[in-house]
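The structure appears right after this line, and notes come after that.
Protein chains: 2
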Amino acid sequence: MKYLLELSYIGTRYCGFQVQPGKLTIQSTLQDAIESVFGVRLPVKGCSRTDSGVHARQYFATFDSEKPIPTDRLPLALNSRLPTDIAVRSSRIVPDSFHVRHDVEWKEYEYLLLNSRIRDPFLTGRAYQCRVMDREQLGLMRRAAEGFIGKHDFSGFMSAGAKIADTVREVRYLEIIEDGELVRIRIAADGFLYNMVRIIVGTLLDVAEGRIEPSEIPGIINSRDRSRAGATAPAEGLYLNRVNFRAFE
Amino acid sequence: MKYLLELSYIGTRYCGFQVQPGKLTIQSTLQDAIESVFGVRLPVKGCSRTDSGVHARQYFATFDSEKPIPTDRLPLALNSRLPTDIAVRSSRIVPDSFHVRHDVEWKEYEYLLLNSRIRDPFLTGRAYQCRVMDREQLGLMRRAAEGFIGKHDFSGFMSAGAKIADTVREVRYLEIIEDGELVRIRIAADGFLYNMVRIIVGTLLDVAEGRIEPSEIPGIINSRDRSRAGATAPAEGLYLNRVNFRAFE
Chain A
1 MKYLLELSYI GTRYCGFQVQ PGKLTIQSTL QDAIESVFGV RLPVKGCSRT DSGVHARQYF
61 ATFDSEKPIP TDRLPLALNS RLPTDIAVRS SRIVPDSFHV RHDVEWKEYE YLLLNSRIRD
121 PFLTGRAYQC RVMDREQLGL MRRAAEGFIG KHDFSGFMSA GAKIADTVRE VRYLEIIEDG
181 ELVRIRIAAD GFLYNMVRII VGTLLDVAEG RIEPSEIPGI INSRDRSRAG ATAPAEGLYL
241 NRVNFRAFE
Chain B
250 MKYLLELSYI GTRYCGFQVQ PGKLTIQSTL QDAIESVFGV RLPVKGCSRT DSGVHARQYF
310 ATFDSEKPIP TDRLPLALNS RLPTDIAVRS SRIVPDSFHV RHDVEWKEYE YLLLNSRIRD
370 PFLTGRAYQC RVMDREQLGL MRRAAEGFIG KHDFSGFMSA GAKIADTVRE VRYLEIIEDG
430 ELVRIRIAAD GFLYNMVRII VGTLLDVAEG RIEPSEIPGI INSRDRSRAG ATAPAEGLYL
490 NRVNFRAFE
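Residue numbers (the working numbering), protein chains in the order written: chain A, 1 to 249; chain B, 250 to 498.
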C-alpha cells in the first residue's frame, strides 16, 4: 500500500527536505517518526525539494508499507513522534501507480515580504524585511509580474549547480497582494527550477527599486542569462503553499 | 523628558515583563538595550506585568532621560540592540505627569485557541490546542461570555498569591471569534487581576465541555470562590493586544 501524507513545517531548523549525510532534514526526521510507528525504516518520497530554511504550509510525501494503520489515526501517531515544527495534517491510501512528484499538476509558492522599517517579532525567520515600498513601487512590481506569466524557458532564473534538460516552465499566475504591513507574492506553475521563486522575487525587488524596468522582464527571460535577473531572495520568506495533483483515482 | 515606547514581543523565552533576579525578563532585556543607546542604566516602567510565556502585540513602557534622541530614530537604534523576539515599534515624548500604568483606560487581551485535532507548526507556543469544539459548544461559550460583561468583583478569577485591595474590574466586552481553525477570545477591561484572563478562558472551556452551564457564570463570579471557576489556561495562547490610555495631552 502507498500512504500519502499531507504535511506542514517550519523550515528554519532544517537543511531542506531531502536527506543529506550528517544534516538535519525534513525527510530524515519524517523517516525516523515513520520507523517508530511502522517498526521498520521506510524510504519516503517528497513532492518537492524545498531548500534550507524554506517553509511549507502544504507538502506531500509518500511511502510504501503493507502494515495497515488506520489513516485517521496515523497523523496523531506520527505527530506525537515528530518535533513541533513539523506536523502531519492528514493521511490517506493512494494507488500504487501514484507518484508524488510526477503527478503534481501545479504548485503555489508564497513569498512573504515585511514592508516596514520596523521588524515584527512574530515574523522573525518567517518573512523577509525588505526596503519600504510605496503604492507606486508595488504598481511597478505588478506590471513586471505580468512578464513572467505563461510558458517560458526560465534557465536565467535558476541557480548554478542544477543540471536539468528541460528548463521550460509554465507560470499560471503571479499575484502581488498587500496585506497590512505584509506583501504576499503568490506564484503558481507546473514546476519550478532550483531557486526560481526566490530569483523572481529578487528581480521584482529590483523593479521596485528602479534598477529594472517592468518592460525589460520579457527580454531578461529570453536572454536566459542569470546575471541579468535579480539576486536570490532569502529562504526565510518562502512558503510552499499549495500542491495540486492530476486526477489519479 | 519621559520617553514612551510601543513594543511587541514573543514572551516564550522570558519570565514575564518584570525584572526578577537571575531570570531573563523583557524589562531587563529592554533596560540593557536602553543602556547601550543612552550610555547609562535607566529604570523602565511597563504598562502591565505580563506573565512568563505571555506575548504582546502592543505593550507600552516609559523611562526618563534628559538625553535627546530623535524619536523617529530611537526604535531602530533599540531594535539593533534587542533580540529578534522583541521589537520597539514606535517612540514619542510624553508629559512628565504621564504614568504608563495608572493612565491606562482599558486594555484588550486576546486568547488564541487552536480548535483542531492536528497541531499547526506555525502556532507552536503561540496558541493553545484545545479539545475540538463544534458550533454548539462555541454557542455555549458565547452565552457564558455574557455573564462576565460589566462591573464585578472578580476575586474568584485571580490566582492565589496576589495581594490587592480592590478586586472589582469592569469588563467592556468578551468576544469569541471563529477564524478558520482558530478561536480568538478577545476581552477588554479597565484592568485585570493576576491570571484573570487565563482563568476566564479556562472557565469558558469548562462551559464548552459541559462541566459548567452558561447560566451559572454570574453565581460563580458572585461566590468569589476560586475553586468554582475553571483551570488557568496555558500562557502560550495569551496576547496583550491593545492598550488604550486616557487622554493626557
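We put the beta carbon where it would ideally sit given N, CA and C, even for glycine.
With a threshold of 6 Å on Cβ separation, who are the neighbours of residue i within its own chain once the five nearest residues in sequence on each side are excluded?
i	result
Met-250 of chain B	Ile-342
Val-477 of chain B	With the sequence shown as reference, residue 477 of chain B is identified as Arg, and Val is not the correct amino acid for it. Once the five neighbours on either side are set aside, the close Cβ partners of Arg-477 of chain B are Ile-469.
Lys-316 of chain B	Phe-287
Arg-290 of chain B	Glu-284
Tyr-14 of chain A	Leu-24, Thr-25 and Ile-26
Considering only C-alpha positions, which residue in the set the options is nearest to residue i?
i	options	result
Pro-75 of chain A	A:Arg-211, A:Ile-164, A:Leu-7 and A:Leu-193	A:Leu-7
Thr-12 of chain A	A:Val-37, A:Glu-181, A:Phe-245 and A:Leu-24	A:Leu-24
Glu-178 of chain A	A:Thr-29, A:Glu-35, A:Gln-137 and A:Arg-246	A:Gln-137
Pro-332 of chain B	A:Ala-247, A:Phe-122 and A:Leu-113	A:Phe-122
Ala-496 of chain B	B:Phe-406, B:Pro-344 and B:Leu-454	B:Pro-344
Arg-330 of chain B	B:Tyr-263, B:Thr-278 and B:Glu-458	B:Thr-278
Gly-230 of chain A	A:Asn-241, A:Gly-161, A:Asn-222 and A:Gly-156	A:Gly-156
Thr-320 of chain B	B:Gly-410, B:Gly-429, B:Tyr-252 and B:Ile-259	B:Tyr-252
Ser-50 of chain A	A:Arg-117, A:Glu-209, A:Ile-10 and A:Ala-144	Correcting the residue type first, residue 50 of chain A is Thr in the shown sequence and not Ser. Among A:Arg-117, A:Glu-209, A:Ile-10 and A:Ala-144, the Cα nearest to that of Thr-50 of chain A is on A:Ile-10.
Ala-145 of chain A	A:Val-54, A:Ile-185, A:Arg-73 and A:Ser-65	A:Ile-185
Phe-397 of chain B	B:Gly-374, B:Gly-429 and B:Asn-471	B:Asn-471
Asn-328 of chain B	A:Val-54, A:Arg-117 and A:Arg-73	A:Arg-117
Gly-125 of chain A	A:Glu-209, A:Val-54 and A:Ser-65	A:Val-54
If we define contact as Cβ-Cβ less than 9 Å, is residue i a contact residue for chain B?
i	result
Ile-69 of chain A	no
Tyr-272 of chain A	Lying outside 1 to 249, the shown extent of chain A, residue 272 of chain A is not represented and no answer is given.
Val-88 of chain A	yes
Pro-234 of chain A	no
Asn-244 of chain A	no
Ile-149 of chain A	no
Ile-118 of chain A	yes
Leu-76 of chain A	yes
Looking at residue i: is its Cβ nearer than 9 Å to the Cβ of residue j?
i	j	result
Tyr-422 of chain B	Ile-413 of chain B	no
Ile-176 of chain A	Val-183 of chain A	yes
Ile-217 of chain A	Thr-203 of chain A	yes
Met-390 of chain B	Pro-463 of chain B	yes
Glu-357 of chain B	Val-450 of chain B	no
Ser-301 of chain B	Gly-265 of chain B	yes
Ala-189 of chain A	Val-207 of chain A	no
Phe-192 of chain A	Ser-91 of chain A	no
Gly-46 of chain A	Gln-18 of chain A	yes
Ile-26 of chain A	Ile-86 of chain A	yes
Met-407 of chain B	Asn-444 of chain B	yes
Tyr-239 of chain A	Ala-61 of chain A	no
Leu-254 of chain B	Val-337 of chain B	yes
Arg-198 of chain A	Tyr-111 of chain A	yes
Arg-322 of chain B	Ala-409 of chain B	no
Consider the Cβ of residue i: report whether some Cβ of chain A lies at a distance smaller than 9 Å.
i	result
Arg-306 of chain B	yes
Phe-371 of chain B	yes
Thr-333 of chain B	yes
Leu-362 of chain B	no
Gly-374 of chain B	yes
Asn-328 of chain B	yes
Which same chain residues end up closer than 8 Å to residue i when comparing Cβ atoms and leaving out the 5 residues on each side of it in sequence?
i	result
Arg-119 of chain A	Gln-129
Ala-77 of chain A	Val-37 and Ile-69
Pro-43 of chain A	Gln-31 and Phe-63
Gly-399 of chain B	Glu-419 and Val-420
Ala-127 of chain A	Leu-112, Leu-113, Leu-114, Asp-120, Leu-182, Glu-236 and Gly-237
Glu-458 of chain B	Arg-380 and Gln-386
For residue i, which residues in the same chain have their Cβ closer than 7 Å to its Cβ, ignoring the five residues on either side in sequence?
i	result
Asp-402 of chain B	Thr-416, Val-417 and Arg-473
Phe-245 of chain A	Asp-103, Val-104 and Glu-105
Arg-211 of chain A	none
Arg-143 of chain A	Pro-214
Ser-65 of chain A	Met-1, Tyr-3, Phe-38 and Leu-42
Report task. Spell out a yes or no on whether the region 94-108 of chain A and the region 366-384 of chain B are touching, meaning 3 or more CB-CB pairs, one atom from each, closer than 8 Å. Result -> no
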